[in-house]
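Report on the structure given below.
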Amino acid sequence: MPFKYHGGVHPNYMKAPDVPVISITPPPQVVVPMAQHIGAPCKPIVAVGDYVTMGQKIGDNPAPVSAPIHSPVSGKVIAIEPRPHPLGDNIPAVVIENDYQDTPCTDLAPLTEAELQDQEAILTRIREAGIVGMGGAMFPTAFKIRGGLGKVDTLIINGAECEPYLNGDHWTMRLHPEELLKGIQLARIASGLDKAYYGIEKNKQDAIDLLNSKNPAQYGVEIVPEEVKYPQGGEKLQIKAITNREVKPGGLPAGVGCNVISTQTAYAIYRACYEGVPCYQRTLTMGGSALGKSVNATVRVGTPIRYMVEQVGGFVKEPRKIVLGGPMMGLICSNIDAVNIKGTAGLLFFTEEEDRNVENPTCIHCGQCLQVCPMKLEPVYMYKYFQKRDFEKMQKYHILDCIECGCCSYNCPGRLPLTHTFKTAKLLFAARAAEEKARAEAAAKEAEAKKEAEAK
Amino acid sequence: MTRKEYTFDAGYQPQVRAKRGTSNIMLDVIIALIPAICVGVWQFGFKALIPVCTSVLSCVFFEWAYRKLLHKHATIGDLSAVVTGLLLAMTLPANAPFWLPIIGALFAIVFVKQLYGGIGTNFLNPALAGRAFLFASYAMLMTQWTTPNGLKGSVDAITMATPLSSMKAGVALPEYFTVADMFIGRMPGCFGEISAAALLLGGIYLICRKVITWHIPVAFIGTVAVLSLIFGGGSEYSHVDWMVYNLLSGGLMLGAIFMATDYSTSPTGFNARLIYGAGCGILTVVIRRFGGYPEGVSFAILIMNCCAWFLDQLTQRRQFGVSREDVKAKKAAAKAAKKEAKEAAAQ
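Chains as they are written, first to last, in our numbering: chain D, 1 to 456; chain B, 1001 to 1347.
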């Protein structure tokens, strides 16, 4: 029985779970950005003119917080140059001309029976296959699991998929239940644990039943059906729901002995270990009123958004916004020529229809934001003190512990840009901290210089 | 083939929002007031709707005119002025002259609400402040109670005393008042306050629609019940009678459900709301039992309005991930640090 937590909202889910998954043909040219994870960006290890096979490593960085990048198609490298990245700016990318042969790369062989039980072998493979958190955070999974070794006693797989519109995880559970359970087993072995919990929202009952029918216990997995509520899939709330532990403010999940990885990440681990296929493909949902329908699709990484839209029938209305991920936490992409990356769980094309912002947002002091905040913060006061730029008071109201889930803004009848404000506030705090550090360093230097002068 | 260029808007996270806006909430409050208005019309006749109409119209007009004159964006669309107008009319005697609410609306909307920045920023409940203003300026008009239709057969007078004033004077209630009558609203009083049943119905609607939380009404009414049971009674009344009459007559239900829960003038935290409601209850009983007026709900709420901000600051809740022990440990550490600093200073 999952544990309860405060707050949360029930957004209009807009999910189309019964739209079958289609596979989008890879484009004539794929553009693979060299930054598809949190941490050090990769450096291209191929040159223009090289022939690459599907799944061949094309970018890497030896830094610990990093994940290599693989070619999603086979073909010729025609350019290595900055190209639009979905999260803004132009970033070096490897452009590959698709020869439509999909010649597989054999660098990564499927692991042997013995290796499939070996913690170190699995961890090495997770790293080599370039697996990152595919829920959207894109944190390198191997580093995450290694960082938790010795501290973590509970492995949680996140199958909540609480964001509206998205069905990618749901379809992964339906289409590959056994593979998914095997992937979770591998993640569990890699973490050195006997048991993993798989939290799934009850609105995916068919998937829960299907997974349960595959005898999850033999893989050391327990399925936990969870209440349908946003942000059930938030890392801290997933931990709370399953273990009743609360991550301390400013703390990490490992601090309470938990690690959370997402559904598609577990599936990617299965593919990497059992089939020797690295992470270059994912299932995502396209939707929004500009598209006029919902499409669940399996897409190679590096497919331009413009191409994907053309493949599924084009826009029915002029889009005003492209959202990467779900509508609650998703980020804005301002360039339709950007490509999808490993962490793109959804691509939503919104028009004015979805937009309920108003010209003059006005706080009516209703306190709804307090009622929905899962972190039990007081957004109304955080917002008021932000407007006065009162940093001391903002800290008193724990503005830095906001998880940016968007519940307060979603529910705000006065349409205040609450979440957006808190994100801005965090940036201001970071800038202030950097400034203070610089000042302290300058002062230290000055003092040293003075000392030296005195000594002379 | 030319590539179509697109321009995109900057977006705030989250990219979607709930349907319910300020105007929807205000509409819910208006809907919740309908039963009480119906009882008022039933008891005082359609004539009683005249001050209601002038009150609503003048509130909307003053709001519109003030914002227009000062070149601020229009706010009458959020319906908050309509709610203020309705609530002001609810607190006036049914036979109030049509011009009385206009003066009240002027004070409520312009002086109490708009001069402090409009919706969300006023610190006094506009409707109650308007009522208090009228009460101070036109005491005679504000304390004449028409005999409701339900009681016309049993008494001859056109006007009569409310149960609360009888209790204040220490005389027994006339025997034609039954508790059931009082509950459904067959008694003299302000236009909108007489029917506890209709107001409770509205309150349940508001709580179900999540417009208000239960904290303030329950704390308010509960405190009044407990305190009037303890301090009530007298030669003509038993303690229990005193408590029941106190709960059912006067503006308690209207105040606890519709006035004290006003967003801008009440705290946002649950604990703060409980304290606030209890404070309203204590002040109400103190004024009714020991003060100079028979009725004290509106003054109790106005006084507590002034404490709302302070109560919110005082009762910041524990955030996610912080246990009771953490708070205790933090307090102890702060105490120890203080002590140490003191000792260091002493040395």
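C-beta atoms are modelled at their ideal positions from N, C-alpha and C, and glycine is treated no differently.
Rounded separation between residue i and residue j - CA only
| i | j | result |
| --- | --- | --- |
| D:V339 | D:E178 | 31 Å |
| B:G1150 | B:Q1313 | 47 Å |
| B:A1132 | B:N1246 | 21 Å |
| B:Y1006 | B:R1318 | 46 Å |
| D:A114 | D:S191 | 17 Å |
| B:K1339 | B:V1327 | 18 Å |
| B:Y1176 | B:R1324 | 55 Å |
| D:P33 | D:L348 | 21 Å |
| D:I189 | B:R1273 | 50 Å |
| B:N1122 | D:M138 | 46 Å |
| D:I22 | D:Q311 | 11 Å |
| B:F1046 | B:G1130 | 23 Å |
| B:T1213 | B:L1033 | 17 Å |
| D:K236 | B:V1322 | 13 Å |
| D:Y307 | D:T25 | 10 Å |
| B:R1186 | B:A1169 | 21 Å |
| B:G1021 | B:G1120 | 14 Å |
| B:M1001 | D:R83 | Residue confidence is low: B:M1001 scores 48 on pLDDT, short of 50, so the model does not pin down where it sits. No coordinate-derived value is stated. |
Limits of the unbroken beta strand (DSSP E) element including residue i
| i | result |
| --- | --- |
| D:G287 | 281-287 |
| D:Q29 | 29-33 |
| D:S409 | Run containing D:S409: none in the beta strand (DSSP E); it sits in the alpha helix (DSSP H), 407-411. |
| B:V1327 | Element bounds for B:V1327: not the beta strand (DSSP E) but the alpha helix (DSSP H), 1324-1346. |
Residues that residue i bridges to, as DSSP identifies them
| i | result |
| --- | --- |
| D:M54 | D:P104 |
| D:C258 | D:T154 |
| D:D60 | D:K43 |
| D:G346 | D:T285 |
| B:T1159 | B:T1146 |
| D:N98 | D:G75 |
| D:R83 | D:I91 |
| D:H70 | D:K57 |
| D:A297 | D:I22, D:L284 |
| D:G159 | D:I200 |
| D:K321 | D:F350 |
Simplified DSSP assignment, three categories, for residue i
| i | result |
| --- | --- |
| B:M1001 | Bear in mind that the predicted position of B:M1001 carries a pLDDT of just 48, short of 50, making it unreliable; the figure below should be weighed with that in mind. B:M1001: coil per DSSP, three-state reduction. |
| D:D337 | coil |
| D:P304 | strand |
| B:L1134 | helix |
| D:E441 | helix |
| D:Y198 | strand |
| D:I399 | helix |
| D:E179 | helix |
| D:R271 | helix |
| B:N1246 | helix |
| D:H10 | coil |
| D:Y5 | coil |
| D:G326 | coil |
| B:G1269 | coil |
| B:Y1176 | coil |
| B:G1021 | coil |
| B:G1255 | helix |
| B:P1035 | helix |
| D:I332 | strand |
| D:G133 | coil |
| D:K450 | helix |
| D:K15 | coil |
| B:C1208 | helix |
Boundaries (first-last residue) of the alpha helix (DSSP H) holding residue i
| i | result |
| --- | --- |
| B:P1217 | 1215-1231 |
| B:S1195 | From DSSP, B:S1195 is part of no alpha helix (DSSP H); its letter is neither H nor E. |
| D:P379 | 379-387 |
| B:K1068 | 1049-1069 |
| B:L1305 | The question names Leu, but residue 1305 of chain B is Asn in the sequence shown. Element bounds for B:N1305: 1297-1305. |
| D:I122 | 119-128 |
| D:C366 | Where D:C366 is concerned, there is no enclosing alpha helix (DSSP H), given that its DSSP letter is neither H nor E. |
| B:L1311 | 1308-1314 |
| B:A1010 | Element bounds for B:A1010: n/a, residue is neither H nor E. |
| D:I145 | 141-148 |
C-beta neighbour in chain E for residue i, strict 9 Å
| i | result |
| --- | --- |
| B:A1344 | Among the protein chains of the structure shown, namely D and B, there is no chain E. |
Note down, one range per segment and in chain order, each alpha helix (DSSP H) of at least 4 residues found wholly within the stretch 201-261 of chain D. 205-213, 235-243
Ignoring anything shorter than 4 residues, give me the alpha helix (DSSP H) runs that lie fully in the stretch 1090-1135 of chain B, in order along the chain. 1100-1105
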